[in-house]
Amino acid sequence: MTYPTPPQLQPGEPYLLTDAFGRTFVSSAPPASDVLPVQTPVSPVPYCVHGQAPLPAPQRSGLSPVALVAVGAGGALVVGTVLVALLLSVAVVAASVAVAALALTVCAVVLRSMVNSPEPHGRYRR
1493 MTYPTPPQLQ PGEPYLLTDA FGRTFVSSAP PASDVLPVQT PVSPVPYCVH GQAPLPAPQR
1553 SGLSPVALVA VGAGGALVVG TVLVALLLSV AVVAASVAVA ALALTVCAVV LRSMVNSPEP
1613 HGRYRR
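In terms of the numbering used here, the sequence shown is residues 1493 to 1618.
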């Protein structure tokens, strides 16, 4: 990564700072004399040459640690509830498939016994 090098100006004379996005800021503070030009501290300046306002400071969330723990516990309960509901739905589907298979087996046995019986049943008896 390359660092911008500020121009060598006289103390008290405004100079330009350029950030990583290419935006330039005007500063009237003199650069520190004991700091190398590559390590010159860059502070946000309210004035921007390109007419863009400086970015606002990042806002912290207003949640306390107790509230964060409560939100985490609530999320865990929701995820647990969804997982239990999914497992129960799988169990219900498996039970219904087993009942359907049992019903088909019973029907197959009854039909086979009717087909293999020696005496006729129904309307056309002898």
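Ideal placement from N, C-alpha and C gives every residue a C-beta, glycine not left out.
Identify which residue in the options has its Cα closest to the Cα of residue i.
i: P1557; options: A1565, Q1551, P1550; result: A1565
i: L1547; options: V1607, V1602, D1511; result: D1511
I'd like to check one pair, residue j with residue i: are the Cβ atoms closer than 8 Å?
i: L1508; j: T1516; result: yes
On the DSSP letters alone, give me the boundaries of the alpha helix (DSSP H) that residue i sits inside.
i: S1519; result: Not the alpha helix (DSSP H): S1519 falls in the beta strand (DSSP E), residues 1516-1519.
i: T1597; result: 1557-1608
Residue i: buried (16+ other C-beta within 10 angstroms of its C-beta) or exposed?
i: Q1531; result: Note that Q1531 scores a pLDDT of 48, beneath 50, so its modelled location is shaky; the value from the coordinates is reported in the next line. Exposed, since its Cβ has fewer than 16 Cβ neighbours within 10 Å.
i: P1610; result: exposed
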